[in-house]
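Engineer: The structure follows.
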């Protein structure tokens, strides 16, 4: 540790002082620019920073003999420390790693009767250099450790760091909060329990168990999994330290709840119709493909209902476009409310809406279509002071979802539902018409 | 020898005299603080002035948080300048922090200085047993805290208080030079000054010293002037019956009168 190295250096200075009868002995760490970056002395003194670059000390050829101090420009701090001007001085260079101009500085206030042992002082050079290097290294180690700890606690993520030997581990505040343990150093073995408990509390723990179990003896594995804890989701990144399991393993817990909500919101904004708030045509096409694909597995019925607002142009002409917009909003809401949660309902364009229904029985479909129609026609729509009577015509088509046929099926259903809608319009509007059932569905 | 330090510290040399006078300003000002007195010196001396580390337009480039963490770093700068210009036996005029800087340099290199004129200086700002520095530790903490919290607001209160008299031109000049300092450097400099204790230096000064201060200086009580006059062998003390920490700016005529008397025979 730093303390013991500097203590040893202080003791060494004291020893040199006794041996040489010098008034002040300083071990100085001096960088290549002549700047003293650290010093310890006997007698002990506060050591303000000074520079020896222009002192003449660093350039002189030292042979272990003290020289006349008048030939050197000494920093005022040293003169103050010595409580006056020196008569003689001796420098014993002790180049240390990263501080090549370091050494031991001996100062005498009055011309000494040279102490016999002064000549031996240069023998201390190697020890001084070694201790200076060690002190520097330790000081750097402390700085690096402090920087690490600061980073460790500053990042918004929870961190669990398992040492390369698998024995020690460190947990930062965020991770400690998640794991319900204390922040700081732990035995890695003591963390296995809390980690497992946290995983088991996750809504998706079965999926997580599966993912991690496969990697149980692989110290090189790296994975990112979302851990869902109720309303919060953590992205959990685990990987070997610097790509090598022998260096240890890191677990990073990043709370991505807000990110996910934001992403969902962005998707919703991108896929919904701004006027009515129901999904738009693009979204309908994407989702219907998924629904049909899901039905394929058991060959069940799906149906498309085309819904068109009757006399919409007339509504616009009579009440104005803002009123027309309001009517579309209310129609969309009434339709949406009349359908089941799992049915897909979207604005298809203009005053036309479309619904995709998955049905367990074929005869549910006309009933659902009728519910839609009557929901819209039930009450006039209030816009401003006007009561506008609105109705819709509905055309429906039912088909069977068969593997690989989803795109074609959707096109086919839409075309047939459109024909049925045309029929509903021509037979007086405010009607439901279903396209004829295909033969193979009659038994369903 | 090169004149690196002289240039680095924005050195300026002028005047008709032969003997060298060094003008070294105090905290929060720069060498323009000598504008009122400079003509007097120029008529009599070879005048050298400069900006202390951290001060003046290039302050941020000359300041080193470690080297200038004690007043000895400034004293080393001063000696570098004098050595470069091969100046010795100079008359040194130091205000405020430059007072003790000059004293430290004169103890280290007495041959460089013929005499020191020290205006409004203090070897220690904190009170101590048997010593009145004028400040308690909590005063200083408060000072540093308000500097740190809002440097500009701090200047608005500090400048008129230090100037000590109704002299809006000097308050404006002092505020401007304070504004010119980078706030972190100003804070560190004031820490260095206000926490310094160079009392042990006083007894080691062998150069003749003339002390000047006002009767009411917010930074330096008269007791400090008396303490220094006692501690420095043979020092004279002139107390101007006025207020303020910057008499060379607010009462230049009084300062000149004292200089006429104390420096008689020095200048050519």
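Protein chains in written order, with the working numbering: chain A, 51 to 494; chain B, 30 to 297.
Glycine is no exception: its CB is placed at the ideal position from the N, C-alpha and C atoms.
#1: Would you call the CB atoms of residue 275(B) and residue 191(B) closer than 8 Å?
#2: Nearest-angstrom Cα distance between residue 330(A) and residue 480(A)?
#3: In the DSSP assignment, what are the bridge partners of residue 147(B)?
#4: Check whether the Cβ atoms of residue 253(A) and residue 284(A) sit closer than 8 Å, and answer yes or no.
#5: Which residues of chain B have a Cβ atom closer than 8 Å to the Cβ of residue 106(A), listed in chain order?
#6: For residue 124(A), decide whether its Cβ has a neighbour in chain B, counting only Cβ atoms nearer than 8 Å.
#7: With a threshold of 8 Å on Cβ separation, who are the neighbours of residue 393(A) within its own chain once the five nearest residues in sequence on each side are excluded?
#8: Taking all protein chains shown into account, do 16 or more other C-beta atoms lie within 10 angstroms of the C-beta of residue 128(A), making it buried, or fewer, making it exposed?
#9: Where does the unbroken beta strand (DSSP E) through residue 30(A) begin, and where does it stop?
#10: Under 8 Å between C-beta atoms, does residue 82(B) make it to chain A?
#11: Check whether the stretch 107-121 of chain A and the stretch 119-128 of chain B are in contact - that is, three or more C-beta pairs closer than 8 Å.
#12: Three or more C-beta pairs under 8 Å: does that hold for the stretch 219-232 of chain B against the stretch 147-157 of chain B?
#13: Quick one: grab the DSSP three-state call for residue 130(A).
#14: Any beta-carbon of chain A closer than 8 Å to the one on residue 98(B)?
#15: Chain B partners of residue 185(A), CB-CB under 9 Å?
#16: Quickly, what does DSSP pair residue 479(A) with across the bridge? List them, please.
#17: How many whole angstroms separate the CB atoms of residue 238(A) and residue 207(A), which I take to be in contact at a CB cut-off of 8 Å?
#18: Give, in chain order, every unbroken run of the beta strand (DSSP E) that is at least 3 residues long and sits entirely within the stretch 389-424 of chain A.
#19: On the CB-based measure, 16 or more other CB atoms within 10 Å of its CB, does residue 176(A) come out buried or exposed?
#20: Report the three-state DSSP secondary structure of residue 183(B) (helix, strand or coil).
#21: In the stretch 96-130 of chain B, which residues sit with their C-beta less than 8 Å from some C-beta in chain A, listed in chain order?
#22: Can you tell me the Cβ-Cβ gap for residue 62(B) and residue 278(B), rounded? I've got them flagged as a contact below 8 Å.
#23: Pick helix, strand or coil for residue 324(A), following the three-state DSSP scheme.
#24: Using a Cβ cut-off of 9 Å, pull out every chain A residue sitting near residue 230(B), in sequence order please.
#25: So residue 365(A) and residue 352(A) are supposed to be a Cβ contact under 8 Å. How far apart are they, rounded?
#26: Leaving aside the five residues before and after residue 315(A) along the sequence, list all residues of the same chain whose C-beta is less than 8 Å from its C-beta, in chain order.
#27: Run through the stretch 48-117 of chain B for me and flag every whole beta strand (DSSP E) of 3 or more residues, listed as ranges in chain order.
#28: Taking the alpha-carbon positions, what's the residue 212(B) to residue 134(B) distance?
#29: How many Å lie between residue 318(A) and residue 92(B) at the Cα?
#30: Restricting to Cα atoms, I'd like to know which of 48(B), 267(B), 218(B) and 252(B) is closest to residue 94(B).
#31: At the level of alpha carbons, what is the spacing between residue 103(A) and residue 89(A)?
#32: In angstroms with no decimal places, state the Cα-to-Cα distance between residue 254(B) and residue 60(B).
#33: Label residue 79(A) either buried or exposed according to how many other C-beta atoms from any shown protein chain fall within 10 Å of its C-beta, with 16 as the threshold for buried.
#34: Spell out a yes or no on whether the stretch 170-187 of chain A and the stretch 240-252 of chain A are touching, meaning 3 or more CB-CB pairs, one atom from each, closer than 8 Å.
#35: Could you name the residues of the stretch 194-214 of chain B whose beta carbon sits closer than 9 Å to any beta carbon of chain A, in the order they occur along the chain?
#36: Do you know how far the Cα of residue 214(B) is from the Cα of residue 39(B)?
Structural biologist: If we stick to the structure as given:
#1: In this structure, residue 191(B) lies closer than 8 Å to residue 275(B) by Cβ.
#2: The alpha-carbon separation between residue 330(A) and residue 480(A) amounts to approximately 24 Å.
#3: Beta-bridge pairing links residue 147(B) to 123(B) and 240(B).
#4: No.
#5: Near residue 106(A) there are no residues of chain B at all, since even the closest Cβ is about 11 Å away, more than 8 Å.
#6: Taking Cβ atoms only, chain B reaches closer than 8 Å to residue 124(A), which makes this a yes.
#7: Closer than 8 Å at the Cβ level, and outside the excluded window around residue 393(A), lie 405, 406, 407, 408 and 418.
#8: Residue 128(A) is buried by the Cβ-count criterion.
#9: No information on residue 30(A) is available, as it lies outside the stretch 51 to 494 that chain A covers here.
#10: Not one chain A Cβ lies under 8 Å of residue 82(B).
#11: Fewer than three beta-carbon pairs drawn from the stretch 107-121 of chain A and the stretch 119-128 of chain B are found closer than 8 Å, and the two stretches are therefore not classed as touching.
#12: Yes, since at least three Cβ pairs between the stretch 219-232 of chain B and the stretch 147-157 of chain B fall closer than 8 Å, the two stretches touch.
#13: If DSSP states are grouped into helix, strand and coil, residue 130(A) belongs with the helices.
#14: In terms of beta-carbon proximity, residue 98(B) lines the interface with chain A, with at least one pair separated by less than 8 Å.
#15: Those do not exist, as residue 185(A) stays about 17 Å from chain B at its closest Cβ, beyond 9 Å.
#16: Answer is none; residue 479(A) lacks a bridge partner.
#17: Not really, about 19 Å apart at Cβ, beyond 8 Å.
#18: Correct list: 394-399 and 402-409.
#19: Counting Cβ neighbours within 10 Å, residue 176(A) comes out exposed, since fewer than 16 surround it.
#20: Residue state, collapsed to three classes: helix.
#21: Taking 8 Å as the Cβ-Cβ cut-off, the stretch 96-130 of chain B approaches chain A at 96, 98, 99, 101, 102, 104, 105, 108, 109 and 112, given in chain order.
#22: With 8 Å as the limit, residue 62(B) and residue 278(B) qualify as a contact, their Cβ atoms being about 6 Å apart.
#23: Correct three-state label for residue 324(A): coil.
#24: 130, listed in chain order.
#25: No, residue 365(A) and residue 352(A) are not in contact; Cβ-Cβ is about 32 Å, not under 8 Å.
#26: Excluding sequence neighbours, residue 315(A) sits near nothing in its chain.
#27: 49-53 and 75-79, all fully within the stretch 48-117 of chain B.
#28: Going by C-alpha positions, residue 212(B) is about 27 Å away from residue 134(B).
#29: Residue 92(B) has its alpha-carbon roughly 58 Å from the corresponding atom of residue 318(A).
#30: Closest by alpha carbon: 218(B).
#31: Going from the Cα of residue 103(A) to the Cα of residue 89(A) covers about 16 Å.
#32: Each residue's Cα considered, the two are about 24 Å apart.
#33: Buried, by the Cβ-count rule.
#34: Not touching, per the Cβ criterion.
#35: If the cut-off is 9 Å between Cβ atoms, the stretch 194-214 of chain B has nothing near chain A.
#36: In a straight line, the C-alpha of residue 39(B) is about 18 Å away from that of residue 214(B).
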